[in-house]
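Just so we're aligned, residue 13 is where the sequence shown starts under my numbering, counting upward by one. Glycine residues also receive a C-beta, built at the ideal position from the N, C-alpha and C atoms. Keep in mind that this is a model prediction, so the values were computed, not measured.
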Amino acid sequence: MSTPLILRDPASARRWTLEHQASARRVALVPTMGALHRGHLALVDVARSHADHVIVSIFVNPTQFNRAEDFDSYPRVIDDDLAICAEHGVDAVYLPAAEAMYPSGFDTRIEPGSIASRWEGEHRAGHFSGVATVVIKLLNACAPDVAVFGAKDLQQLTVIRRTVTDLDLGVDIVAGDTIRESDGLAMSSRNRRLDSVARQRALAIHRGLLAAVACANAGHGPDAIERAARDLIDPAADDVEYVAVVDSATFERSPTMIDGCGYSVIVAAWFGGVRLIDNMALPRSA
Ligand code: PAF
């Protein structure tokens, strides 16, 4: 087990990457907000399969939180995170202070387009602008060949792919599968804030998503698929912000499903004061 190198500002992160790239070694970045769990480690494994060196960034980005209490209560366990990175053979950790990311006078924001206007974008004003801006900064600082993002945050992944393509950043964006607990709960740093009752109720999300997939498999369309998911999720949740069948590329709600296109069912719901999101791909033949 070797301790990862800790890099605290953009110049040292970029220098580290460029040194490796100068010897024809590829670098992969896994951007995170810390509170690392097995889902993140699976992303590190994906990163390693695409590169010779892996850098994990840890930064709780204030500009992507639309509620101050959500930002304040976001778990911060940096010593644990660094130990996990060391155990998992991460080569470097980019750990910028807020002042290194947003020095005084900082005055730029990326505004992603239509994909970002829906669902998460509608319920969390400014969220995707904050995400896109910080991700571009992380990509610029760490200058990786590849960056890996979790498919659990499917709309985020889609917005980032679009932004990276539109801005010609030349970084490969790779998706890591959603990792679930044995009872189906998608791994998320927010799960730490669920008490045992809320956690139990939150399992309805996975059951609802499985019911949606079964309904799609039976040949039903979006209305019936959403109803199948809601029948299980609505009674368990404190509030359901959305359950929707969307085109996985545009995130538009799809009233019908066209053969050959990719669709997903997406969910955001509250359990015991914690907001959870999840999604599942729907079979293409529906
Ligand atoms: O998915 C996350 O953890 C964050 O949104 C990200 C991509 C690290 C940007 O802050």
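Does the beta-carbon distance from residue i to residue j come in below 8 Å?
i	j	result
Val58	Val146	no
Val255	Arg242	yes
Val56	Val102	yes
Leu244	Gly220	yes
Pro247	Thr175	no
Val279	Ile237	no
Gly284	Ala210	yes
Cys154	Tyr106	yes
Thr29	Pro234	no
Pro74	Ala110	yes
Met12	Ala224	As displayed, the chain neither begins before 13 nor continues past 298, which places residue 12 out of reach and without an answer.
Phe191	Gly51	Inspection of the sequence shows that residue 191 is occupied by Ile rather than by Phe. Against a cut-off of 8 Å, the Cβ pair of Gly51 and Ile191 comes out as a contact.
Mind checking whether the beta-carbon of residue i lies closer than 7 Å to any heavy atom of the ligand PAF?
i	result
Phe161	yes
Val143	yes
Gln168	yes
Met45	yes
Asp290	no
Asp82	no
Gln76	yes
Val56	no
Asn203	no
Val66	no
Val147	yes
Asn229	no
Asn152	no
Asp165	yes
Less than 8 Å between the CB atoms is what I'm expecting for residue i and residue j, so what's the real figure, rounded?
i	j	result
Ala47	Ser201	4 Å
Asp189	Ala54	7 Å
Val257	Leu294	7 Å
Arg79	Ala63	The Cβ separation is near 35 Å, so there is no contact.
Ile90	Ile70	7 Å
Leu151	Val183	5 Å
Thr170	Phe263	6 Å
Ile148	Ile122	6 Å
His65	His32	5 Å
Ala240	Cys227	4 Å
Ala230	Trp282	Wrong, their Cβ atoms sit about 29 Å apart, outside the cutoff.
Val72	Arg60	Contact doesn't hold; Cβ gap of about 24 Å is too wide.
Problem set entry | Any 3 or more C-beta pairs closer than 8 Å across the segment 275-291 and the segment 192-207 | Cβ pair count under 8 Å is three or more, so yes.
Exercise. Below 8 Å, can you find three or more Cβ-Cβ pairs linking the segment 133-140 to the segment 19-30?
Worked result: no
Exercise. Touching or not, the segment 160-167 and the segment 30-50, by the rule of three or more beta carbon pairs under 8 Å?
Worked result: yes
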